[in-house]
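Input: a single structure, listed below in structure tokens.
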Amino acid sequence: MDATQLLKGVLDLAVLAVLREEDGYGYDILRRLRTAGLEDVGDASVYGTLRRLFNNGLLNSYVVPSDEGPHRKYYALNEAGRAELQRSTKVWAGFASIMEDLLQERGKA
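Residue 109 is where the sequence shown ends in this note's numbering, and the numbering goes up by one at each step.
Have a look at this one:
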């Protein structure tokens, strides 16, 4: 099974979950996803996801000056983003439960 295909389906949820803990800028969010175990996540995928979530009204953004280079654009969950995280978490939990049941049944046969 190709993990990158699975990742495409859950990247929105993963990014929202990372931002639940604390605001972050693109590279920081990418680093946190990889540290959490999503080593195969690509830079472009994360930046595209952040833009899409922002354009869909699920994130707020603000700019913070940096002494180490260009200003950093931070993203933060807003109320709509928290609601989407809660909704998507329920969908994921239901799907994961169904898959677990299916896989256990397959192992018994």
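C-beta atoms are modelled at their ideal positions from N, C-alpha and C, and glycine is treated no differently. These numbers were taken from a predicted model, which means no experiment stands behind them.
How far does the alpha helix (DSSP H) with residue i in it extend, from its first residue to its last?
i     : result
Val10 : Ala3 to Glu21
Val46 : Asp43 to Asn55
Since residue i and residue j should fall inside the 8 Å C-beta cutoff, what is the C-beta to C-beta distance between them, to a whole number of angstroms?
i     : j     : result
Gly81 : Leu30 : Their Cβ separation, rounded to whole angstroms, is 18 Å, which puts Gly81 and Leu30 out of contact at 8 Å.
Tyr75 : Leu59 : 5 Å
Val41 : Trp92 : Not a contact, Cβ separation roughly 17 Å.
By the three-class DSSP mapping on this structure, what secondary structure does residue i have?
i      : result
Leu33  : helix
Leu103 : helix
Gly94  : helix
Gly69  : coil
Check whether the Cβ atoms of residue i and residue j lie closer than 8 Å to each other.
i     : j     : result
Leu53 : Gly26 : no
Leu38 : Leu7  : yes
Arg20 : Leu85 : yes
Lys73 : Ser88 : no
Among the residues of its own chain, which have a CB less than 6 Å from the CB of residue i, if the five just before and after it don't count?
i     : result
Pro65 : His71
Arg32 : Val18
Val63 : His71 and Lys73
Might you give, ordered along the chain, the residues of its own chain that have their beta carbon closer than 8 Å to the beta carbon of residue i, omitting 5 neighbours on each side?
i     : result
Gly69 : none
Gly24 : Val18, Arg32, Tyr74 and Tyr75
For the beta strand (DSSP E) holding residue i, just list the boundary residues, first then last.
i     : result
Leu59 : Leu59 to Val64
Leu77 : Arg72 to Leu77
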